[in-house]
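Numbered according to full-length UniProt numbering, the sequence shown spans residues 1 to 488.
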Amino acid sequence: MNEAIHPLAKKTVVWYLAVTSLVLILMMIFGVIMLMNQGEMIRITPQWFYKIMTAHGTGMVGIAALGGTAILWYFLSKYVKLNPAILIVNFVLFLTGVSMVLIAIFVFDFSDGWTFLFPLPAQSAKMYGAAGAVFFLSGMLVLGIGFLILYMYLAARLTAVYGGLGKALGWDIIFRGKKGYGPPAAVVATAMVIITNSTALLAGATVLAASLVNIINPAVTMDPLLAKHLTYAFGHIFANCTIYMAVIAVYEVLPEYTKRPWKANKVFLIAWNCSTLFTLMIYTHHLLMDFAVPKWMLIIGQVFSYANGLPVMVVTAYGALMIVYRSRMQWDFASSLFFLSMFGWVAGAIPAIIDATIVVNHVMHNTKWVPGHFHTYMGMGVVAMIIGFMYYFNKTEGNQEHRGIDTFTIALYFAFFMGLVGSFLYAGGISAPRRWAEHLPQWVLSDQAGAVSGIFIVLAAIIFTARFFSGLRSVGSKVPYPKKSAAS
Ligand code: HEM
Ligand SMILES: [Cu+2]
Numbered sequence: 001m002n003e004a005i006h007p008l009a010k011k012t013v014v015w016y017l018a019v020t021s022l023v024l025i026l027m028m029i030f031g032v033i034m035l036m037n038q039g040e041m042i043r044i045t046p047q048w049f050y051k052i053m054t055a056h057g058t059g060m061v062g063i064a065a066l067g068g069t070a071i072l073w074y075f076l077s078k079y080v081k082l083n084p085a086i087l088i089v090n091f092v093l094f095l096t097g098v099s100m101v102l103i104a105i106f107v108f109d110f111s112d113g114w115t116f117l118f119p120l121p122a123q124s125a126k127m128y129g130a131a132g133a134v135f136f137l138s139g140m141l142v143l144g145i146g147f148l149i150l151y152m153y154l155a156a157r158l159t160a161v162y163g164g165l166g167k168a169l170g171w172d173i174i175f176r177g178k179k180g181y182g183p184p185a186a187v188v189a190t191a192m193v194i195i196t197n198s199t200a201l202l203a204g205a206t207v208l209a210a211s212l213v214n215i216i217n218p219a220v221t222m223d224p225l226l227a228k229h230l231t232y233a234f235g236h237i238f239a240n241c242t243i244y245m246a247v248i249a250v251y252e253v254l255p256e257y258t259k260r261p262w263k264a265n266k267v268f269l270i271a272w273n274c275s276t277l278f279t280l281m282i283y284t285h286h287l288l289m290d291f292a293v294p295k296w297m298l299i300i301g302q303v304f305s306y307a308n309g310l311p312v313m314v315v316t317a318y319g320a321l322m323i324v325y326r327s328r329m330q331w332d333f334a335s336s337l338f339f340l341s342m343f344g345w346v347a348g349a350i351p352a353i354i355d356a357t358i359v360v361n362h363v364m365h366n367t368k369w370v371p372g373h374f375h376t377y378m379g380m381g382v383v384a385m386i387i388g389f390m391y392y393f394n395k396t397e398g399n400q401e402h403r404g405i406d407t408f409t410i411a412l413y414f415a416f417f418m419g420l421v422g423s424f425l426y427a428g429g430i431s432a433p434r435r436w437a438e439h440l441p442q443w444v445l446s447d448q449a450g451a452v453s454g455i456f457i458v459l460a461a462i463i464f465t466a467r468f469f470s471g472l473r474s475v476g477s478k479v480p481y482p483k484k485s486a487a488s
């Protein structure tokens, strides 16, 4: 039982997880609907397809961030005293922002995709009225402000406790030759996410505000290429950071299971510092097709995309293997999912590295190869970590136990998720474009295979969620030990 976390924060974490799991199911159903339409199993209008695609993209990235935040807060509380009010504020702003986004999509027909690439919102505002675009852009702004408040607060806390973000990232050890280990892995990861995601959110807020001004007064315009830079600096980093938050669960839970500590040694710290820097630089791989972007920028985008995820991924996957090796640890729901999530993460990075190669990118970037990549690392990486954490939470805070059905559900989820991403990657291989409501006959079979896989994934998600909610009943029934004082 985590006694250092404030009881109110613990309750809020439950709310975060509950919303995450329910929205996950709904968004997965949206995913299946899209595939069934592309696979000609059902027929929806293109306009509905794009509305659903916008909701699916925004919703999935949103809940991955929400679930990741729950993980971050829960474990960071062990080392740094945190005020639950901030977690609640972020939650309220999240729900407000999401409601505005849903109103934009389902009441005012906004369907420009979660990346709201300028000047699409301005154009759709002309076609369907400004309300949709205004609701969507302001909803995203509200959501972003919630996260920005959270990160500013965390930055202040880490500074108070560790003497700055640099120290939290272990600069003392890397640069000043200090001996020993750095701060706990949860602190290192948090510092990284604060730096990268605040940058992302500021870029996002700038382009959102500019887009809104442009819709209200079209005389004020913005350079579309600059807008694209800001948009992808936001979208790429924000989506990336979901895994850097969720991975904290791996650092905390595997050591607990194996009774071997996960120490932040020098290699680990250097890896996290490299990823901090690279994550900020590589969004330009989204602009490889824009000839007006200076060549040197694209080369940076390419070279560092190769390098970006690798340091942290390698130290984490290798660390996970080493910590588990011959440890006789107990394999249950949480430990298996965290272990499998390493596989999802590594497997998901491979197609991305291929796609980040400029020559390949010209051919592949707008194909389903790309959804194939990010569904692998998000579905089998981030989401697997979040679901693993849900179980761990109930086990640690309550008395949930591993059952046969859990083994079955994990197998179901991973087997069919492989089917889904396999169908995406294959479709990419035969040049099926991404984001097309309707597909040519030669692509339809892969869509159908994906749709069938998706149905079983939804089934698995429903069982996971039912298990989570039933396990919650035991939470709080544990008698806490005499109160120990938390770290300052
Ligand atoms: C049952 C599981 C899922 C199914 C069936 C599914 C299906 C789809 C489909 C069909 C698309 C559009 C592909 C196209 O461009 O033609 C898509 C896009 C997307 N999905 Fe999923 N998905 C699933 C799970 C997830 C998960 C777990 C995440 C992330 C946590 C996710 C995030 C996204 C994002 C960000 C997009 C991009 C939307 C855009 O292009 O604007 N999906 N998904
Ligand atoms: Cu990217």
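Quick reminder that beta carbons are idealized off the backbone N, C-alpha and C, glycines included.
Under the three-state DSSP convention, the category residue i falls into
i, result
"Thr367", "strand"
"Pro433", "strand"
"Val19", "helix"
"Phe234", "helix"
"Ser327", "coil"
"Pro119", "coil"
"Gln400", "coil"
"Ala384", "helix"
"Val360", "helix"
"Lys395", "helix"
"Tyr79", "coil"
"Gly459", "Reading off the sequence, residue 459 comes out as Leu, not Gly. Correct three-state label for Leu459: helix."
"Gly39", "coil"
"His6", "coil"
"Lys484", "Residue placement at Lys484 is poorly supported in this model, since its pLDDT is 49, which falls under 50; the coordinates are not used for a value here."
"Thr221", "coil"
"Pro311", "helix"
"Phe291", "coil"
"Lys228", "helix"
"Lys263", "coil"
"Met27", "helix"
"Lys11", "helix"
"Met34", "helix"
"residue 489", "The structure shown has nothing for residue 489, since the chain only spans 1 to 488."
"Phe469", "helix"
"Lys126", "helix"
Cβ shell of residue i (< 7 Å), same chain only, five flanking positions each side left out
i, result
"Ala205", "Leu141, Gly144"
"Lys178", "Asp172"
Endpoints, alpha helix (DSSP H) assigned at residue i
i, result
"Thr69", "46-76"
"Ile353", "333-355"
"Phe110", "No alpha helix (DSSP H) contains Phe110, which DSSP labels as neither H nor E."
"Leu212", "185-216"
"Tyr162", "130-162"
"Ser474", "No alpha helix (DSSP H) contains Ser474, which DSSP labels as neither H nor E."
"Met297", "295-308"
"Pro84", "84-106"
"Ile174", "171-175"
"Pro255", "248-258"
"residue 489", "Here the chain covers residues 1 to 488 and nothing more, so residue 489 does not appear."
"Thr276", "266-281"
"Gly180", "Per DSSP, Gly180 belongs to no alpha helix (DSSP H) and is neither H nor E."
"Leu165", "165-168"
Chain-order list of residues whose beta-carbon lies under 8 Å from that of residue i (same chain, five-residue window excluded)
i, result
"Ala209", "Leu141"
"Ile194", "Tyr151, Leu154, Ala155, Leu158, Leu165"
6 Å Cβ shell around residue i - same chain, five flanking residues per side excluded
i, result
"Ala437", "Pro46, Phe49"
"Ser453", "Phe416, Gly419, Leu420"
"Tyr232", "Tyr283, His286"
"Ile44", "Asn37"
"Lys483", "Annotation note: pLDDT 49 at Lys483 (below 50); position unreliable, coordinate value reported separately. Contacts found: none."
"Gly379", "Phe417"
"Gly146", "Asn90, Leu93, Phe94"
"Gly68", "Thr242, Met245, Ala246"
Whole-number beta carbon distance between residue j and residue i, since they are thought to touch under 8 Å
i, j, result
"residue 490", "Tyr377", "With the chain covering 1 to 488 only, the question about residue 490 has no answer from this structure."
"Phe333", "Asp406", "5 Å"
"Asn366", "Pro433", "6 Å"
"Asn197", "Tyr151", "6 Å"
"Val187", "Ala168", "5 Å"
"Ala130", "Ile215", "5 Å"
"Thr20", "Ile350", "Contact doesn't hold; Cβ gap of about 27 Å is too wide."
"Leu269", "Gly170", "3 Å"
Review point. Okay, do the segment 243-252 and the segment 285-296 touch, 3+ Cβ pairs below 8 Å being the bar?
Key: No: fewer than three Cβ pairs fall under 8 Å.
Check your understanding: Touching or not, the segment 260-269 and the segment 318-333, by the rule of three or more beta carbon pairs under 8 Å?
Key -> As far as the Cβ criterion goes, the segment 260-269 touches the segment 318-333, which means the pair count is three or higher.
Check your understanding: Does the segment 50-69 come close enough to the segment 118-129 to have 3 or more Cβ pairs within less than 8 Å?
Key -> no
Practice item. Would you be able to state if there are at least three C-beta pairs under 8 Å between the segment 12-19 and the segment 66-80? Key: yes
Review point. Are at least three pairs of beta-carbons, each pair with one atom in the segment 421-430 and one in the segment 461-468, less than 8 Å apart?
Key: no
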